[in-house]
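*Asks:* Each residue of the sequence shown is one higher than the one before, counting from 249 in the working numbering.
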Amino acid sequence: MYTLFSGSDSLDPLMREYRIECVKYAIFQENHSHITEPSSSESRSSERTLFQGCSFSKLFTGLSILLLVQDGLLDLDRNVNSALSGCDWQLPDSTFPLPTIRQCLNMTSGLGFSEPSSPSRYLQGEPIPSLMDLLNGRSPAKTPAVSLVKAPGTEYTYSGVGYWVLQKIIEHRSEKNFADFLSTRLFVPLGLTQSTVECPLNPARHDQVIPGFQSNGEPVPQGFENIPSAASGGLWTTIQDMSLLSLEILKAFQGRSALFSKEIMQECISNTEYSAGFGLGMSVDLSADSFNIRKIAYNNGYYHQLLLFPEEQVGILVMTDRANSGEFIQQLIARIATEKKWPAYNSDFEEVKTAPISPPTRHFSA
249 MYTLFSGSDS LDPLMREYRI ECVKYAIFQE NHSHITEPSS SESRSSERTL FQGCSFSKLF
309 TGLSILLLVQ DGLLDLDRNV NSALSGCDWQ LPDSTFPLPT IRQCLNMTSG LGFSEPSSPS
369 RYLQGEPIPS LMDLLNGRSP AKTPAVSLVK APGTEYTYSG VGYWVLQKII EHRSEKNFAD
429 FLSTRLFVPL GLTQSTVECP LNPARHDQVI PGFQSNGEPV PQGFENIPSA ASGGLWTTIQ
489 DMSLLSLEIL KAFQGRSALF SKEIMQECIS NTEYSAGFGL GMSVDLSADS FNIRKIAYNN
549 GYYHQLLLFP EEQVGILVMT DRANSGEFIQ QLIARIATEK KWPAYNSDFE EVKTAPISPP
609 TRHFSA
């Protein structure tokens, strides 16, 4: 399904300019992925293959929800507490109506924290909160309890909190913990042999980790931080595993996937409530008059981006070891897109924002 190449030195000047230690990228075309690691990265990462997947976790969570919808166990337009009926946790009462599963997926749920909070970080060796700790704002969680902070469906606000609720729904409706569900329904069927959401990461795998670098260029202490919120940011993965998933997504939009029906993939791009907005675990970019789906993923030590054109069945995945490598990635993608003569796309695309909801400017059919 994929071919691994050692890259030329053509990216070396760009990597030096942006102080990128390691980059791996995969180009998708003709049902195949061509994975390249520029030569300047090879000596640093040849024995290390594991990246923190950051918000690529949300992509896996969205696909997990779609599998449960296919199974008849979930309705995307059901409110979250209805989906959690009989569960040991539900969203607390509020003056606002309850959000739906679809709204949690597309970042319009209105969910946030019960009081102001800054991003939380968990260093290696610190206590790891459980999902219930995170939902309830209970020690050792470093964030307050999850609550409704605005009316659902009124505003797009990028946040991982709704994905914590989705993780609870997945576990409740499937009667499996999240890691087991991912393993049995996605990792094993797709051959994703290196991916995991375990936290903390098994010490036996630490030597596989590509160490992360912060925005200031300093190494992340101990190489990486722990991310306890599995469904929103806790994924560990490789360029090979993410390439296999990306190819499956492209196949699904053409009705050729063994896991996802063409109809369920239509849900990812239909009912998108704003132009260039978030679909169901992935962004739907309509702004350049071409249908492409995107996912940006980053944390304190890594930055990645996925760009897929389902109608043309092409795309690119870029994974790096530096927190602020977004501009570097955009230049790399632009270089490849121009060379391959791909359709126009929005190069200034941004997910992490707050924006009023507006109708999409163009509708697509899978």
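The C-beta atom is built at its ideal place from N, Cα and C for all residues, glycine as well.
If I follow the unbroken alpha helix (DSSP H) through W412, where does it start and stop?
*Replies:* Start and end: V409 to S422.
*Asks:* Classify C302 as helix, strand or coil using the three-state DSSP reduction.
*Replies:* DSSP places C302 in strand when its eight states are reduced to three.
*Asks:* Does the region 482 to 492 come into contact with the region 569 to 579, if we say contact requires no fewer than three beta-carbon pairs (one atom in each stretch) closer than 8 Å?
*Replies:* The region 482 to 492 vs the region 569 to 579: no contact.
*Asks:* Return the bridge partner residues of Y550 from the DSSP annotation.
*Replies:* For Y550, which the question treats as bridged, DSSP gives no partner whatsoever.
*Asks:* Near T602, which residues of its chain fall below 8 Å by C-beta distance, leaving aside the five closest residues on each side in sequence?
*Replies:* Answer for T602: E403, Y404, T405 and Y406, listed in chain order.
*Asks:* Look up K589 in the DSSP assignment and give the residues it is bridged to.
*Replies:* Answer is none; K589 lacks a bridge partner.
*Asks:* Any contact between the region 393 to 402 and the region 342 to 359? By contact I mean 3 or more CB pairs, one from each, below 8 Å.
*Replies:* Because the criterion of three Cβ pairs below 8 Å is met, the region 393 to 402 and the region 342 to 359 touch.
*Asks:* With P203 and P286 assumed to form a contact (beta carbons below 8 Å), what rounded beta-carbon distance in angstroms separates them?
*Replies:* Examination of residue 203 is not possible in this model, given that the chain is present from 249 through 614 alone.
*Asks:* Assuming contact is defined by CB atoms lying nearer than 7 Å, are L556 and R421 in contact in what I supplied?
*Replies:* Contact flag unset, no.
*Asks:* What residue from L507, I541 and E560 has the CA that sits closest to L314's CA?
*Replies:* It is L507.
*Asks:* In the structure shown, what three-state DSSP assignment does Q578 receive?
*Replies:* If DSSP states are grouped into helix, strand and coil, Q578 belongs with the helices.
*Asks:* Starting from V328, trace the alpha helix (DSSP H) both ways and give me its first and last residue.
*Replies:* From DSSP, the alpha helix (DSSP H) with V328 extends over V328 to A331.
*Asks:* Out of G358, E419, F501 and L498, point me to the one whose CA is closest to P604's CA.
*Replies:* The residue with the shortest Cα to Cα distance from P604 is G358.
*Asks:* If you reduce the DSSP assignment to three classes, tell me which class Y266 lands in.
*Replies:* Helix, per DSSP.
*Asks:* From the DSSP output, in three-state form, read off A369 for me.
*Replies:* Per the sequence presented here, residue 369 reads as Arg, with Ala not at that position. Of the three classes helix, strand and coil, the one that applies to R369 here is coil, per DSSP.
*Asks:* Which residue or residues does DSSP assign as beta-bridge partners of S531?
*Replies:* S531 pairs with F526 and R542.
*Asks:* Can you tell me whether A452 is helix, strand or coil according to DSSP?
*Replies:* Helix at A452.
*Asks:* At the level of alpha carbons, what is the spacing between L492 and E265?
*Replies:* If I take the Cα positions, the gap works out to 31 Å.
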